[in-house]
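Before any comments, here is the structure.
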Amino acid sequence: MPSVKPRVLFVTDLAYEARGRRYGDEDVFLSSRLREDFDIALCHPLDAAALMDAFDMVVVRNSGPVLNYPVAYEEFRTRALRQGARVYNQLTGKADMTGKQYLLDLSAEGYPVIPTADDRDGALRLPDADAYVVKPKAGADSLGLRFVTRDELDGLEYGDVLVQPRVDFRYELSFYFVDHTFQYALHAPRPDRRWELEQYRPTGEDLAFAQRFVDWNEIDHGIQRVDACRTRDGRLLLVELEDLNPYLSLDLLTPHDRDAFVAAVKASLHRFAAEDRTPRRPA
Numbered sequence: 528m529p530s531v532k533p534r535v536l537f538v539t540d541l542a543y544e545a546r547g548r549r550y551g552d553e554d555v556f557l558s559s560r561l562r563e564d565f566d567i568a569l570c571h572p573l574d575a576a577a578l579m580d581a582f583d584m585v586v587v588r589n590s591g592p593v594l595n596y597p598v599a600y601e602e603f604r605t606r607a608l609r610q611g612a613r614v615y616n617q618l619t620g621k622a623d624m625t626g627k628q629y630l631l632d633l634s635a636e637g638y639p640v641i642p643t644a645d646d647r648d649g650a651l652r653l654p655d656a657d658a659y660v661v662k663p664k665a666g667a668d669s670l671g672l673r674f675v676t677r678d679e680l681d682g683l684e685y686g687d688v689l690v691q692p693r694v695d696f697r698y699e700l701s702f703y704f705v706d707h708t709f710q711y712a713l714h715a716p717r718p719d720r721r722w723e724l725e726q727y728r729p730t731g732e733d734l735a736f737a738q739r740f741v742d743w744n745e746i747d748h749g750i751q752r753v754d755a756c757r758t759r760d761g762r763l764l765l766v767e768l769e770d771l772n773p774y775l776s777l778d779l780l781t782p783h784d785r786d787a788f789v790a791a792v793k794a795s796l797h798r799f800a801a802e803d804r805t806p807r808r809p810a
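Numbering of the sequence shown is given in our numbering, commencing with residue 528 and proceeding in unit increments.
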């Protein structure tokens, strides 16, 4: 009997190596659970554009930084938008999906974000700090990140980089959402060990902070991770809004929370599969 399950192309790089994270293991687990509800085939990011037409949806997961294959990613993105393909996460995201410009935009709009600049005048107006972080606008996974002193800000080559003061924070934490609904939170108690995470019980104020950024972003179907830091005075500041292929640290969850997350993703994908598709021109 022919299958009536929606067909999902699950895009992942099982061989991608990341410090402190096991991308391949996470995607093997998640795809095996999604297979309960969907017909799934795994493919490398370089093959996604060529294979996507045979599937009802494309789920982009732990595919590594797209800067490793920019031409292939742009071909995939352009083709998907032109055809109105269902891509999960939706390609309407305004955050890391399109680079780091959103940090400048949010900072200018008064959101609680680490102060960010991309030109000399803006950098020299940043708050005083022991050091400043310089990162590529198209960066990911800390690739190309470096630290400079305030005296060095004047001589930087601006244009393709962002500059932020190095924040003296107590710890980092991450909030994980499916669509616009909060699922769980994790935090790194030791600032020098970003990926040694523990489960975290957020306060109502914490959740309101994270929800504000998810609501700002234009993704109705997808998984988002809001990364923040807790400053010495107790405030939360946004570090990153990952809306393309956030690592989920599912191995750190309790079986109950992991099952709940999988159920939320399944429900989201079923809703997405049921929607009408309207082709759009590439952004």
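Just so it is clear, CB atoms sit at the ideal spot from N, CA and C, and this is done for glycine as well.
query                                                                                                                                : result
Lys664 (DSSP reduced to helix, strand or coil)                                                                                       : coil
Given 8 angstroms, three or more beta-carbon pairs between the region 693–703 and the region 747–761                                 : yes
Whole runs of the alpha helix (DSSP H) within the region 767–795, excluding any shorter than 4 residues                              : none
Pair within 9 angstroms by beta-carbon distance, Arg588 and Leu557                                                                   : yes
Contact with chain D by Gln710, beta-carbon distance below 9 angstroms                                                               : Checking the listed chains, one finds no chain D in this structure; it contains a single protein chain.
For Glu553, three-class secondary structure by DSSP                                                                                  : helix
Proximal residues to Met528 (C-beta, below 8 angstroms), its chain only, five neighbours per side dropped                            : Residue placement at Met528 is flagged as unreliable, the pLDDT there being 45, under the threshold of 50; the coordinate-derived value follows with that caveat. Excluding sequence neighbours, Met528 sits near nothing in its chain.
Cβ-based neighbour list, Asn772, same chain, cut-off 7 angstroms, excluding 5 preceding and 5 following                              : Val587, Arg588, Asn589, Ser590
Cβ-based neighbour list, Val792, same chain, cut-off 8 angstroms, excluding 5 preceding and 5 following                              : Leu557, Leu561, Val705, Ile750
Rounded straight-line distance, which links the Cα of Asn616 to that of Asp566                                                       : 18 angstroms
Chain-order list of residues whose beta-carbon lies under 8 angstroms from that of Val535 (same chain, five-residue window excluded) : Leu561, Phe565, Asp566, Ile567, Ala568, Phe582, Asp583, Met584, Val585, Val586, Leu796
Close beta carbons around Phe799, own chain, < 7 angstroms, minus the five adjacent residues each side                               : Met584, Arg613, Tyr615, His748
Where Glu544 sits in the DSSP three-state scheme                                                                                     : coil
Counted within 10 angstroms of its Cβ, other Cβ atoms place Pro572 as buried (16 or more) or exposed                                 : buried
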